[in-house]
Structures are given as C-alpha cells and as structure tokens.
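Take a look at the structure set out below.
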Amino acid sequence: MPSSDAFIPFRRPRRLRTNPVMRNFTAETDLNPNRFVLPMFIADRPDAAGAQPISSLPGVVQHTESTMLRAVEEAMEAGVGAIDLFGVPKEEDKDATGSAGIDAGGVLNRAIATVRREFGNEILVMADTCLDEFTDHGHCGVLGTDPLGEAIIDNDATLEAYAAMALAQADAGAHMVSPSGMMDGQVRRIRETLDAAGHQNVSIMAYSAKYASAFYGPFREAVGSSLQGDRRQYQQDARNVRESLLETQLDIDEGADIVMVKPGMPYLDVLRQVAEMSPVPVAAYQVSGEYAMISAAAEKGWIDLEPAIMESLTGFHRAGADIVLTYWATTAAKLLRQG
C-alpha cells in the first residue's frame, strides 16, 4: 500500500490506452480506404510485355492494359476509392508540346476509357492533367522566351494545352482531372473549357501547393521523364508557406473541387494550414521519395514496414487531409480490413 502522503494521479490518460478495443473506441483519427487514391503508371507497350518493375519504387510497376485492369480490380475490392492514371508514352511520341497527352488515341486517354468501360462508376477515375510525361524536354508546359530572350515556360500558352488535355480526358471518361503543373489560372481555364463542352460534372482536383521538391526522383523514373534542369520557375519554393495559402485560395476561387498539398510528410505544417482555411476537401500526396525511403529502410530491417505505412498515412489525416494519394493504397486498405 502506498504511504498516506504518496502522490496518486487523479487524471490517468493511460486509462484510454489499456487495450486494443479501448484504443479503437477513443481514437481521434480513423483511416478510411474510400479516401485513398492509388496512382498508377500506364505504359504504351504491347500487352504481352507485361508489367515492368520500377527499380526505385519496390512493388510499383509500369502497367500494360491487362495488368492495369487487374490492379484496379484488386484496389476496388480492397475498398480503395479512386485511382489516378499517369501515361508513359513511347519516346518517339514525345514532342515539344506534349501532343500525345492530348491525343484521344494516346496511352493515357486510352487507359481512362478502358477503365471506365470495365468498371463504370465502381471506382473513381482521376487523370493527371500535365504535359511533363509527354514533352521531349520534360517540363510541365510549353517552352517560350521572355522579352530578354531567356528560356521560360510560357504560362498562358500552356493553359490552352491543359484545357485541351482536360477535355480529352473528360471525353475519355475521367470522373476527375488533376492539373499538376502549377500554371497560374489553370483551374479557371480548365473549368471554362469543361463546362462549355457539357462536362459540368467532371471534377477538378488542383495541385494547389506543389513544391519544387527533392522527393520526386523515383517518380521521374516511373514516367520515363526527359527532364533536364529543374522546375523551380513554376513549382513552389520549399521555404514558403503563405504562398501556398495564396495558391490554394486562387484555385478555390477559380473552381477547384479539391485542393492538394504535395509532397506530404515534409509539408505537414502546410497541410494543416491549408486544411484550416479550405472550404473544399483537401488531398495530400505521399510522393515517390517518401515511399522509397520507407521501403528502403524496411528492406534494410531498420523499420517495420506495415506499421510505418499506417503511421505515415495516419499522420496525413491527423494533419487535416481528407484524401491521401499513396502507392500503398491497396496495401493499406487490406491492412485496415485485417484490423
């Protein structure tokens, strides 16, 4: 028995952590696989070639049509709410304007149409609305020059390409287009084009706070990027946060249905502030570098993979994300189902 003058805590927060049922009963943040988005890479190669592994993203592949459909079905059956499709064209189909991304017969638009024919509205189909996978220079927009002759990305010319690309994706059956190039005015220009063409019900998920990040490296392997240099001219500076709030507010004002912060884990402070100010749902993207780091540490035996996956996704939701894009979407959905 403790002595009469021993301190006995009156408040014991540990009471609510005593067993798994109690912890689940009092959890402040719950993961819902319906809010997961699975990014997928679709390569323009013969179906017989099969899926091609991506060395820097263990477990992630470049799909062909049939492997894509099997992966979509697996994700859907696990409870994943949406997929986000990225096209990987043949090298010879790339050009200065990214025309293969707009072509109705291009790899990305064919993939959208194939998934919609197979699954209808059983899973949401998003499409990446950006030129970088399709340009021979690897930038997200059309090249131009400023009045002094310096090379730039021509913002306003790029808007016209984005509008055409979004329209082609909507015509192919995309439920949602996702402009990721960080061009000023991109949401408004796309919204006007979709509405004028009768696609008022196609949604826009805007990459509103997308940083020029060191964490995108594996993604560039995944899409076979031709980029030389960097994208700091149009993606955001990692030192800034007020800029993100301005970009987000502009996208909301222009008609974005969902706004996004990208990358995820290095920018949880930005995610929190965006979530606090946004009247529309907020997404976070667990980008390729985040996935690769966790995977590599797990392969080394330095961390336990499955708990690390779930903890990282919980962190996004706790910081304010309603929706999370992650290459672990199907894996995480299955883990949640297993309890």
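For the record, in the sequence shown the residue sitting at position 76 is 76 according to UniProt numbering, with numbers rising by one throughout. Glycine residues also receive a C-beta, built at the ideal position from the N, C-alpha and C atoms. Predicted model only: the values in this text are computed from it and were never measured.
Just verifying my parser: in three-state terms, what is the DSSP assignment at residue i?
i, result
"T145", "strand"
"M182", "coil"
"G106", "coil"
"T135", "strand"
"L31", "coil"
"G289", "helix"
"V21", "helix"
"V270", "helix"
"F7", "coil"
"P46", "coil"
"D156", "helix"
"V282", "strand"
"P89", "coil"
"A174", "coil"
"T114", "helix"
"P263", "coil"
"I303", "coil"
"R12", "coil"
"G79", "coil"
Taking 6 Å as the limit between beta carbons, can you name the residues of its chain near residue i, skipping five residues before and five after?
i, result
"A157", "V142"
"I123", "M76"
"A100", "P89, D93, G106, F134"
"F41", "Q62, F86, V88, A222"
"A275", "V282, G320"
"I294", "A308"
"D44", "P89, K90, V107"
According to DSSP, what are the bridge partners of residue i?
i, result
"I258", "M205"
"D95", "T135"
"T129", "P179"
"H63", "I42"
"D84", "P39, M126"
"Q249", "Beta-bridge pairing links Q249 to no other residue."
"P53", "V61"
"A151", "T145"
Express the C-alpha separation of residue j and residue i in angstroms, rounding to a whole number.
i, j, result
"D317", "V88", "A small fix is needed here, since residue 317 is His in this sequence, not Asp. Roughly 30 Å between the two C-alpha positions."
"S178", "L38", "14 Å"
"Y216", "G181", "14 Å"
"A296", "P266", "18 Å"
"D195", "T18", "54 Å"
"L313", "S213", "20 Å"
"A96", "G144", "11 Å"
"D269", "D322", "15 Å"
"S288", "C130", "17 Å"
"H137", "L227", "6 Å"
"L335", "D146", "51 Å"
"R239", "Y207", "18 Å"
"A161", "G59", "33 Å"
"N24", "I258", "29 Å"
"G264", "E299", "22 Å"
"L325", "R11", "39 Å"
If you drop the 5 nearest sequence neighbours on each side, which residues of the same chain put their C-beta closer than 7 Å to that of residue i?
i, result
"Q273", "V241, L245"
"A333", "P33, F36, A78, G79, V80"
"G173", "I112, A113, R116, V125"
"A329", "F36, V37, L38, A75, V80"
"F119", "V72, M76"
"G224", "V88"
"G255", "V187, R188, R191, I204"
"A292", "S56, L57, P218"
Can you give me the Cβ contacts of residue i inside the same chain, cut-off strictly under 8 Å, excluding the 5 residues immediately before and after it?
i, result
"T193", "A163, A164, A166, L167"
"Q236", "M182, A209, K210, Y211, A212, E243, S244, E247"
"R232", "A212"
"D154", "G141, V142, L143, G144"
Give a yes or no on whether 8 Å exceeds the smallest Cβ distance from residue i to chain B.
i, result
"D132", "Within the model displayed, chain B is absent; a lone protein chain is all it includes."
Unbroken alpha helix (DSSP H) runs of length 4 or more, entirely within the stretch 191 to 243: which are they?
Within the stretch 191 to 243, the runs of alpha helix (DSSP H) at least 4 residues long that lie entirely inside it are, in chain order, 217 to 222.
Can you give, in chain order, each stretch of the beta strand (DSSP E) that sits fully within the stretch 306 to 330 and has at least 3 residues?
If we require 3 residues or more, the beta strand (DSSP E) runs fully inside the stretch 306 to 330 come out as 323 to 325.
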